[in-house]
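Student: Protein chains in written order, with our numbering: chain P, 123 to 592; chain D, 123 to 592; chain A, 123 to 592. Sharing a structure with you now.
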Amino acid sequence: MKFADLRPIARSIREFRPWRVSPLYYGGFLVIPAVFVGEPTVQFSESLSETDFVLNTFAFLVWGALVMWMCAGFTMLVSGSVRTKNASMICLKNIGLYSIAGLAFFFIGYNLMYVDVVDFIGSFTLMYGPSSDELALLDGDDAALGAVVDQGHATMSDWFFQMVFVATTASIVSGALAERVRLVPFFIFTFALTAAIYPIVGAWTWGGGWLAEMGFQDFAGSTIVHSTGGWAALAGVMIAGPRLGKFRANGEARPTPPSNVLIVTLGVLILWLGWFGFNGGSQLKLGSAADVVAMSNILVNTNLAAAAGVVVSLAVSRFIFGRIDLIVGLNGAIAGLVSITAGPDITEHYWAIIIGAVGGILCTLGMKLLEKVKLDDVVGAIPAHLIAGIWGTLAVCIVAGGDFVTQLVGVLAVGVFVFAISWVIWKALALSPLGIRVTRDVEELGQDAGELGIEAYPEFVLMPDSYDGD
Amino acid sequence: MKFADLRPIARSIREFRPWRVSPLYYGGFLVIPAVFVGEPTVQFSESLSETDFVLNTFAFLVWGALVMWMCAGFTMLVSGSVRTKNASMICLKNIGLYSIAGLAFFFIGYNLMYVDVVDFIGSFTLMYGPSSDELALLDGDDAALGAVVDQGHATMSDWFFQMVFVATTASIVSGALAERVRLVPFFIFTFALTAAIYPIVGAWTWGGGWLAEMGFQDFAGSTIVHSTGGWAALAGVMIAGPRLGKFRANGEARPTPPSNVLIVTLGVLILWLGWFGFNGGSQLKLGSAADVVAMSNILVNTNLAAAAGVVVSLAVSRFIFGRIDLIVGLNGAIAGLVSITAGPDITEHYWAIIIGAVGGILCTLGMKLLEKVKLDDVVGAIPAHLIAGIWGTLAVCIVAGGDFVTQLVGVLAVGVFVFAISWVIWKALALSPLGIRVTRDVEELGQDAGELGIEAYPEFVLMPDSYDGD
Amino acid sequence: MKFADLRPIARSIREFRPWRVSPLYYGGFLVIPAVFVGEPTVQFSESLSETDFVLNTFAFLVWGALVMWMCAGFTMLVSGSVRTKNASMICLKNIGLYSIAGLAFFFIGYNLMYVDVVDFIGSFTLMYGPSSDELALLDGDDAALGAVVDQGHATMSDWFFQMVFVATTASIVSGALAERVRLVPFFIFTFALTAAIYPIVGAWTWGGGWLAEMGFQDFAGSTIVHSTGGWAALAGVMIAGPRLGKFRANGEARPTPPSNVLIVTLGVLILWLGWFGFNGGSQLKLGSAADVVAMSNILVNTNLAAAAGVVVSLAVSRFIFGRIDLIVGLNGAIAGLVSITAGPDITEHYWAIIIGAVGGILCTLGMKLLEKVKLDDVVGAIPAHLIAGIWGTLAVCIVAGGDFVTQLVGVLAVGVFVFAISWVIWKALALSPLGIRVTRDVEELGQDAGELGIEAYPEFVLMPDSYDGD
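In structure tokens:
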């Protein structure tokens, strides 16, 4: 079964267009030429929908490339947010996680998520590749054209688009756990997340499993991508514990401002751009007018939600933190983007503004809340991806016809599953000889000098580090 | 009336292709099947042009995403150009202005610019959204397909493309006024610019108003976008006054080199990339061979003009400044890009080189001139966008058949209007309790520490600031 | 002759699809309407393939824009890799080389490479432009439509795509020669490389010359682009000699870590993204299902090879350098990308992983080897582009049916030609009054302060430079 046919039922119904699938539609044209010249008349029909095939596939590739670019966004966002002494390690973790995610998804993950899914999980076969019809077509067998075109899009274009999504999920974890988690256990967790945890959540939903059958709606992944990353991060944060000195003896959180604000801002703008691919490409088709109308609305809503997230977060920060706070505003952009991701195809655009604005507020409050409960999430990944992701998934009930109970079941099921299994893996890693936490010496010195041996800016004179004392 | 039908007359004539609009063209095909099978024959015609619709819309989205990326370009260009102590504030101003621009254009600006324009201004209605035919189509009403396809593109894809243009206009202002203008008044001016000033200029021209009726030509906005931004910046620069210590007692300008040259260079390269979307997308259509031939010429000319701007500016800087100057070269790229923007669809490519080269020279001379008249434009936004924008608009007369008087009227009308209204707004803000200028203490300390509370690179040790003394 | 028709023979055969070119294919449809309504029947045929034309052209523009973005990738990669004191100079060199490459290719290079190629070289005419049919079409002559559509794509869209390739070749040289080669001779060499050396190699291969006739396969340029850049860099490195103090008296290489690791990482991620355009666009067509199936496989293989390059390089670095090394991993990504570039359209994806992994290993070993033979390649451009490029070109024999002798002839012919002519030019420049090497004083002080007068980060306090002593 092809992925595109398996999105949640609500969506399938919405997209059902009988004139596209009915053989009667083009039939009028097909008959005539055959009568007169004896050409294989099916060719004409194929010829027309071959354009759809081309367009659908090209959209996956172009939008997918933009989503890959989000990997750079996360890398810049996090490496600029941490203290200088840990910035190179983030670069290594993030380029490594993107690579591991791509390989793990190729060998294992995609099949678990999309191939022969029955309720909870797909196939345990290894590797994925072009369809046999595609191979025949590439080998010059013209007779395969019809079967290829009937796929709707090239097999691997869909794989490519899904692969950059799993990488996004893994990227979310990196930021929350920065500055104290060791490299190798981080990579091991990344492998587990991208080979199994995310694909299983995906099998339940986009793969056509039990949540899809219930009617759970999550257009581009507020829950499936962003909350999944957020829950995995939360489990890690709880087990790894806060950075040395993050919380003072009196319980107050010590500020740890970003070491390179320009790079953080660049990272957020990269994410904003990439999100057009993330949400726009999740339309999954480009071949019809209805598809591109929807895609246009999606890009507009994505942008409006992010803009509202920024403006409202800045305003709120004035009250909560006492000043207009750039970092809160940047997180507000991300929270707005995450919030709209579950239902960006709504047609009343002011709702996108409201959803993004509420997402920005919840994220800002969430940052405060995490500090209160002494969870140390270095970049605010949990408020921006987990909390805003939950909000966005529930907001679908208001604006896009989602059923509240179903949405809640989806949020909770994904939350319990991802959090529990992540907790077990992080705990097992922590108890293993590897451990997950760097030594106190390395943490004080920084992972760059202490674990990696490459400093981020070796020639700049740094301020004496005042975080480790009290 | 739809935007795409309202571009300047000269362009409409050039694009007039009777075989595209004539019902006779496809007529031959439409009749036959109906005779034999009784299918609704209009479907075939729609089916063909549905592909045009898809392509036109997708081009708006893809090129529009690249134009959004220019926001990151301006953010990097300016935040790297200012002194370290003000770099975070630029990040905040630029992500804020992009957000405000998007919301202001949604609620007010687009309607003023494009809806029911009569001569000077469009509609005062609030908000914008999909057409009723599009809503019907998305709701599953197949009968709406024909009317949707007749639009030529999805309503909100055009909105998205126009929205990123207004954000570009606003971005230009940020750089010129950096390092001394307060945040809140800057945001208020941004709102006025993007909700009203730019949309009114747009109504005169792309919206089909009086300048369009005169035959004013400005393909992608040398005047409409870039000079508009430049005039607004000029008014602000005159009212805000120069940075403390920028001009010595003897009238000489003190050099204020960029604090992060790599980030400035990155910003320019981002803008260069984004400009392919800016100019290429301004073809407004992708559906025909003629459109993509034009679009190809546009991208080539855009690149040649920028390259010529760089090379000539570097050569000229050798004579004017005594050395090959990177910053002059980077500004030369932007000046070349701005210069070609009014007529990038010319078919003799060497003219693009000449136009870009002259733009580069004028920008370089303009940078010198501004210093002479003691106007402090931190990044050279006025030479690069205003002066090169005027040149580009007039150059259309040489290469693309523009009428000199008409072009001059357009340049002057836009200049007088934008400069005057911007002056009034900046002056009113300056005289209000808000003020527009930071205090002397904040300016010496830097806006990052003094106004924002977030330093750009808090851990790097900075050179003692030597600008404030003489 | 058009470029697209002249790719190596093996490729032409693979792409030969009779149903696309046969007039009989659509013939059935063409006859009928004519019989009944007398419409010019050729229009229908054109109308269908006009969509192919549009799609082919649009793909060149979109993927070409991504390849232009690689210029930013190289600029960031190299300017972050050099020591702070030379970083501005890299920014200047790289924006300059992109500009020079574009102009040189417009005036001279493209014609040498693609116009009337006979065996070794094309035409010596100056400048390039749209076809006369395109000009007629843009002037409103509808009768030209058929001839334009028969081109397969807009003339200048192909030019644009080829131009960004030549800029990539030139970018490779910049990194290897950083920190000691003077600006003006570097620009002179860039002009020679982009106006003549690369175009001649291109004429032999993609231009349809003698190597293409032999059946040499290099899909997107492992040899033609990357090895060409690598050989030119190698000649320059040998003549310019190592940086002062790079090799200690005892022959040991002194480490020269990147001065800005975040910017280096950003550069690599930009290159990774751009490579989707580089390899994907090299399919040269988007109009058929077979094209987009191939393009999808290409993007997937490109990503898998890069990911494998990263993972394997990191693992290998653990053994060779004693620790997991970020810089080795980043170079591994590039080596993986270069390796797959000669045959990214393979359908068994695990081969892409193997090819990329081997490329990563060879690059890592190559970095060690260069140090042993005392060649100072600042960013590892020679291992990543030359060595991995040779490997990738030969690997085509294993996975994509290339003939080993033919591939080897191609590798050697290009190597001998490019290395020899580059050596002569670098030597002539070195012996000329210009020289190619900065003075000892300038090298110690840095090119930014000593030659350019613009420091990269003028406000940050730098560590005292400890490289020049022993």
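Just so you know, even glycine gets a beta-carbon here, dropped at the ideal spot from N, CA and C.
Examine the Cβ distances between the segment 237-255 of chain A and the segment 539-557 of chain A and report whether three or more of them are shorter than 8 Å.
Tutor: No, because fewer than three Cβ pairs between the segment 237-255 of chain A and the segment 539-557 of chain A fall closer than 8 Å, the two stretches do not touch.
Student: Rounded to whole angstroms, what's the CA-CA distance from P:A510 to A:T486? Just pull it up for me.
Tutor: Looking up residue 510 of chain P in the first sequence gives position 388. Looking up residue 486 of chain A in the third sequence gives position 364. Taking the straight line from one Cα to the other gives about 43 Å.
Student: On the criterion of 16 or more Cβ atoms from any shown chain inside 10 Å, does A:S410 qualify as buried, or is it exposed?
Tutor: What you label residue 410 of chain A is simply residue 288 of the third sequence in a count that begins at 1. Its Cβ being crowded by 16 or more others within 10 Å, A:S410 is buried.
Student: Under DSSP, the alpha helix (DSSP H) around D:N423 begins and ends at which residues?
Tutor: Position 301 of the second sequence, counted from the start, is the residue given in the question as residue 423 of chain D. Run containing D:N423: A411 to I442, per the alpha helix (DSSP H) assignment.
Student: In whole angstroms, what separates the C-alpha of A:S293 from that of P:I475?
Tutor: As a working note, residue 293 of chain A is residue 171 in the third sequence. As a working note, residue 475 of chain P is residue 353 in the first sequence. When rounded, the distance between both Cα atoms is 43 Å.
Student: Scan the segment 225-257 of chain A and note each continuous alpha helix (DSSP H) run of 4 residues or more that stays entirely inside, going in chain order.
Tutor: Taking only runs of at least 4 residues, the alpha helix (DSSP H) segments lying wholly in the segment 225-257 of chain A are 232-236.
Student: Please state whether DSSP places D:F338 in a helix, a strand or coil.
Tutor: For the purposes of this step, residue 338 of chain D is taken as the residue at position 216 of the second sequence. Coil, per DSSP.
Student: Would you check if the segment 273-288 of chain A and the segment 464-481 of chain A touch, i.e. whether three or more CB-CB distances between them fall below 8 Å?
Tutor: The segment 464-481 of chain A, when compared against the segment 273-288 of chain A, does not touch it at the 8 Å Cβ threshold.
Student: Going by beta carbon distance, what residues of the same chain come within less than 6 Å of A:Y220, once the five residues before and after it are set aside?
Tutor: One-based indexing of the third sequence puts residue 220 of chain A at position 98. Answer for A:Y220: C193 and A289, listed in chain order.
Student: Which partner residues of A:V303 appear in the DSSP bridge assignment?
Tutor: Mapped onto the third sequence, residue 303 of chain A falls at position 181. A:V303 is bridged to A:R559.
Student: Return no unless some Cβ of chain D is closer than 8 Å to the Cβ of A:Y472.
Tutor: Walking along the third sequence from the start, residue 472 of chain A turns up at place 350. For A:Y472, the answer is no, since every Cβ of chain D falls outside 8 Å of its Cβ.
Student: Could you check if A:K496 is buried or exposed, using at least 16 other CB atoms within 10 Å of its CB as the buried criterion?
Tutor: Locating residue 496 of chain A in the third sequence gives position 374, where the first residue counts as 1. Result: exposed.
Student: Do you know offhand how far A:A506's Cα is from A:V460's?
Tutor: Stepping through the third sequence from its first residue, residue 506 of chain A is reached at position 384. Stepping through the third sequence from its first residue, residue 460 of chain A is reached at position 338. One C-alpha to the other measures close to 7 Å.
Student: Answer with buried or exposed for P:V546, where buried requires no fewer than 16 other C-beta atoms within 10 angstroms of its C-beta.
Tutor: Looking up residue 546 of chain P in the first sequence gives position 424. Exposed, since its Cβ has fewer than 16 Cβ neighbours within 10 Å.
Student: With 9 Å as the C-beta to C-beta threshold (strictly closer), list the residues of the segment 387-399 of chain D near chain A in chain order.
Tutor: Those would be T387, L388, V390, L391, I392, W394, L395, F398 and G399, in chain order.
Student: What in chain D is Cβ-close to P:L584, meaning under 9 Å?
Tutor: Reading the first sequence from its first residue, position 462 is the one you call residue 584 of chain P. Result: E581, F582 and V583.
Student: Between the C-alpha atoms of D:T197 and A:V270, what's the straight-line distance to the nearest angstrom?
Tutor: Residue 197 of chain D sits at position 75 when you count from the first residue of the second sequence. Residue 270 of chain A sits at position 148 when you count from the first residue of the third sequence. Taking the straight line joining both Cα atoms gives about 41 Å.
Student: Quick one: is P:K215 buried, meaning 16 or more other Cβ sit within 10 Å of its Cβ, or exposed?
Tutor: The residue labelled residue 215 of chain P in the question sits at position 93 within the first sequence. It counts as buried.
Student: Counting Cβ pairs, one atom from each stretch, are 3 or more of them under 8 Å apart for the segment 428-440 of chain A and the segment 448-468 of chain A?
Tutor: Counting Cβ pairs under 8 Å, three or more are found: they touch.
Student: May I ask you to report which of helix, strand or coil DSSP gives D:A276?
Tutor: For this step, residue 276 of chain D is matched to residue 154 along the second sequence. Correct three-state label for D:A276: coil.
Student: Classify A:M417: buried if its beta carbon has 16 or more other beta carbons within 10 angstroms, exposed otherwise.
Tutor: Position 295 of the third sequence, counted from the start, is the residue given in the question as residue 417 of chain A. Counting Cβ neighbours within 10 Å, A:M417 comes out buried, since at least 16 surround it.
Student: Taking the alpha-carbon positions, what's the A:G231 to A:N382 distance?
Tutor: For the purposes of this step, residue 231 of chain A is identified with residue 109 of the third sequence, where counting begins at 1. For the purposes of this step, residue 382 of chain A is identified with residue 260 of the third sequence, where counting begins at 1. Their backbone Cα atoms lie some 35 Å apart in a straight line.
Student: When you compare the CB of P:E565 with every CB in chain A, is at least one pair closer than 8 Å?
Tutor: Along the first sequence, read from residue 1 onward, the residue named residue 565 of chain P stands at position 443. It does not; no Cβ of chain A falls within 8 Å.
Student: Check whether the Cβ of D:M417 lies closer than 8 Å to any Cβ atom in chain A.
Tutor: Along the second sequence, one-based indexing puts residue 417 of chain D at 295. Taking Cβ atoms only, chain A reaches closer than 8 Å to D:M417, which makes this a yes.
Student: Listing by chain order, which chain D residues have their CB less than 8 Å from the CB of P:P379?
Tutor: As a working mapping, residue 379 of chain P is identified with position 257 in the first sequence. By Cβ distance, chain D contributes I576, E577 and P580.
Student: Using Cβ-Cβ distances below 8 Å, what residues of the segment 190-209 of chain D are close to chain P?
Tutor: The segment 190-209 of chain D vs chain P, Cβ under 8 Å: M190, W191, C193, A194, T197, M198, S201, G202 and A209.
Student: Short of 6 Å in beta carbon distance, which residues of its chain neighbour P:L408, apart from the five on each side in sequence? Order them along the chain.
Tutor: The residue labelled residue 408 of chain P in the question sits at position 286 within the first sequence. The answer, listed in chain order, is L177, N178 and A181.
Student: If you drop the 5 nearest sequence neighbours on each side, which residues of the same chain put their C-beta closer than 6 Å to that of P:D498?
Tutor: As a first step, residue 498 of chain P is located in the first sequence; it is residue number 376 there, counting from the start. Here the set comprises P364, R365 and K368.
Student: Mind checking whether D:G465 and D:Q284 have CB atoms under 8 Å apart?
Tutor: Locating residue 465 of chain D in the second sequence gives position 343, counting from the first residue. Locating residue 284 of chain D in the second sequence gives position 162, counting from the first residue. Contact flag unset, no.
Student: What is the rounded straight-line gap between the Cα of P:G403 and the Cα of D:D413?
Tutor: As a position in the first sequence, residue 403 of chain P is number 281, starting the count at 1. As a position in the second sequence, residue 413 of chain D is number 291, starting the count at 1. Each residue's alpha carbon lies about 25 Å from the other.
Student: Quick one: list the residues of chain P neighbouring D:E256, beta-carbon separation under 7 Å, in chain order.
Tutor: Counting from 1 along the second sequence, the entry for residue 256 of chain D is found at position 134. Near D:E256 (Cβ distances below 7 Å), the residues of chain P are V415.
Student: From the beta carbon of D:P252, is the nearest beta carbon of chain P less than 8 Å away?
Tutor: Within the second sequence, residue 252 of chain D is the residue found at index 130, counting from 1. Chain P contact via Cβ: present.
Student: Indicate whether at least one CB of chain P lies closer than 8 Å to the CB of A:T163.
Tutor: Position 41 of the third sequence holds residue 163 of chain A. Low confidence applies here, because A:T163 scores a pLDDT of 28, under 50, leaving its location unreliable; read the following figure in that light. For A:T163, the answer is no, since every Cβ of chain P falls outside 8 Å of its Cβ.
Student: Hey, P:S286 and P:G373: beta-carbon distance below 8 Å or not?
Tutor: Within the first sequence, numbered from 1, the residue matching residue 286 of chain P stands at position 164. Within the first sequence, numbered from 1, the residue matching residue 373 of chain P stands at position 251. Inspection of the sequence shows that residue 286 of chain P is occupied by Val rather than by Ser. No, the Cβ-Cβ distance between P:V286 and P:G373 is not below 8 Å.
Student: Return the residue from the list A:T206, A:L333 and A:A430 that minimises the CA-CA distance to A:G451.
Tutor: Taking the third sequence and counting its residues from 1, the one referred to as residue 451 of chain A is at position 329. The residue with the shortest Cα to Cα distance from A:G451 is A:A430.
Student: Measuring only the C-alpha atoms, how far is P:F228 from P:Y236?
Tutor: Taking the first sequence and counting its residues from 1, the one referred to as residue 228 of chain P is at position 106. Taking the first sequence and counting its residues from 1, the one referred to as residue 236 of chain P is at position 114. Whole-angstrom Cα-Cα distance: 12 Å.
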